[in-house]
Structure formats: structure tokens, C-alpha cells
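Structure, as C-alpha cells:
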Amino acid sequence: MWPFTGRNGDQQCNTGLGDGLSNELKSFLLKENTEAKRFGSTESTKFDSLPHDRQVRSKLQRLPQMTDDELYKLEEYKNANQLHKTVSINCAEIEYNLHQCYEQFSTIRNMFQYPCFQQQNDVKRCKNLQTDGLKVLHYQDCYNVQQCNAMKSFVDQVFVKNFGEFGDMSGKEDKIDAYYRDLNHGFRYFWS
Numbered sequence: 052m053w054p055f056t057g058r059n060g061d062q063q064c065n066t067g068l069g070d071g072l073s074n075e076l077k078s079f080l081l082k083e084n085t086e087a088k089r090f091g092s093t094e095s096t097k098f099d100s101l102p103h104d105r106q107v108r109s110k111l112q113r114l115p116q117m118t119d120d121e122l123y124k125l126e127e128y129k130n131a132n133q134l135h136k137t138v139s140i141n142c143a144e145i146e147y148n149l150h151q152c153y154e155q156f157s158t159i160r161n162m163f164q165y166p167c168f169q170q171q172n173d174v175k176r177c178k179n180l181q182t183d184g185l186k187v188l189h190y191q192d193c194y195n196v197q198q199c200n201a202m203k204s205f206v207d208q209v210f211v212k213n214f215g216e217f218g219d220m221s222g223k224e225d226k227i228d229a230y231y232r233d234l235n236h237g238f239r240y241f242w243s
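243 is the number that the working numbering gives the last residue of the sequence shown; the numbers go up by one with no jumps.
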């Protein structure tokens, strides 16, 4: 029987998520749950929101009510500065570096080479790291234009600080760890 439903005529009723699953499947799901790996595998907390999510919700609930004009300006700003657009702006120099490489690439001279492979990887890593950074800071939940702009700027500064202006060191694990550590410090600043 499907673990989330009960049969109408039966006394059997599911009391929680996972009731009715075999013990092997239940232990596998608990083991593979990424939140359980990070915060412990107690069954009562495996479906709770992450601590950052709770902190953001708490902060947003404590804010004073916005006027219609403020709300309109914020929504207009968020529409104009969506996540993918912000990431593209923050990675524009690295992408420009890729286009410069394409312009200089000669198929005759470099016949058996894949064009600008390193620069392509730099752009991809920049976009992935910038997207992750904005998600860690909960950019989509920013509550005023100043905070949104500060988040965009902060992620870009932390990226340059850890990986260099053109993301040259974005493949190094110790730099990636330092990047996420800086982002978590920034999260506490933006949402405390």
C-alpha cells in the first residue's frame, strides 16, 4: 500500500510520513537525505525547513508593512533584476574574456584543439558559484532595493576575493570552501 494514504474500510491509518515503508527503504531514505547528512538524521526534523529558511521567514515577519508604492517598486526591481540576469551581470567580465578567446582562436593554427575550453569552464563555474551565492543569501527574498543591491554587490566581491577577477582559481576546493564560508557570514549580516 502507498505509505501516504489509508484504506477507507480499514482500521489501519498512517500516522506519519514513511509509515508503511519497509525498514530497508526507510533507512535508505534517511541515509540519503541531504538535510539529514548535514543536520542529523532524527526522523522528527528531516522534513523541517533549514535554519536559514527559518531565519529569513522570521525576519520577514518582523518587518513593518510596506506601502503599495514601496511594494510596487520592489516588485518592479525584482522583475528587472531576476537571478539569471544578476548572475550574467556579475560574470560579464569572464564571459567577455571567453568571447575574446573565440575571436583570437584560429582553426588552422589550432586544428586539433577544443576552442577556449578553460574559459568556457571559467564562465560555467562563475555562473554556478554566483547562482549558489545568491541563493545562500536568499536574494529572491530581499525586502528592499537597497538590500537586493547590497546582496548582488556582496556576492560579486566575495567571488573576486576568493577566485580572482577572472575566476582563475574557481576550481580549487579550498577557495570554494572559503567562498561559502564568506557567504554564510554575509547571510548573518543580511538577515540578523
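Beta carbons are placed, not taken as given, at the ideal position from N, Cα and C, and that holds for glycine.
Problem set entry | Closest Cα partner of L188 within the set R176, K178, C177, A201 | When the alpha-carbon of L188 is set against those of R176, K178, C177, A201, the nearest one is in A201.
Exercise. Among Q170, D183, W242, which residue has its Cα nearest to the Cα of D219?
Worked result: Distance check between D219 and each of Q170, D183, W242 places Q170 closest, using alpha-carbon atoms only.
Exercise. How about N141 and Q106: do their beta carbons lie closer than 7 Å?
Worked result: no
For this session: List the endpoints of the continuous alpha helix (DSSP H) containing N179.
Result: Here the alpha helix (DSSP H) through N179 covers 168 to 187.
Exercise. Is the stretch 142 to 150 close to the stretch 109 to 129, with three or more CB pairs under 8 Å?
Worked result: no
For this session: Hey, could you find the ends of the alpha helix (DSSP H) T137 is sitting in?
Result: 134 to 141
Problem set entry | Coarse secondary structure for C199, derived from DSSP in three states | helix
For this session: If I'm right that L125 touches N195 with Cβ under 8 Å, what's the distance once you round it to whole angstroms?
Result: 6 Å
Problem set entry | Same chain, Cβ closer than 7 Å to A229, neighbours up to 5 away in sequence not counted | N213
Exercise. If you drop the 5 nearest sequence neighbours on each side, which residues of the same chain put their C-beta closer than 8 Å to that of N132?
Worked result: C199, K203
Problem set entry | Expected contact under 8 Å - CB spacing of G237 and V209 to nearest Å | 7 Å
Exercise. Three-state secondary structure (DSSP) at E216?
Worked result: coil
For this session: Could you work out which residue in K223, E75, C167, E127 is closest to H150 when comparing CA atoms only?
Result: C167
Exercise. Which class does P115 belong to by DSSP, given the choice of helix, strand or coil?
Worked result: coil
Problem set entry | Coil, strand or helix - Y194 by DSSP | coil
Problem set entry | For Q155, three-class secondary structure by DSSP | helix
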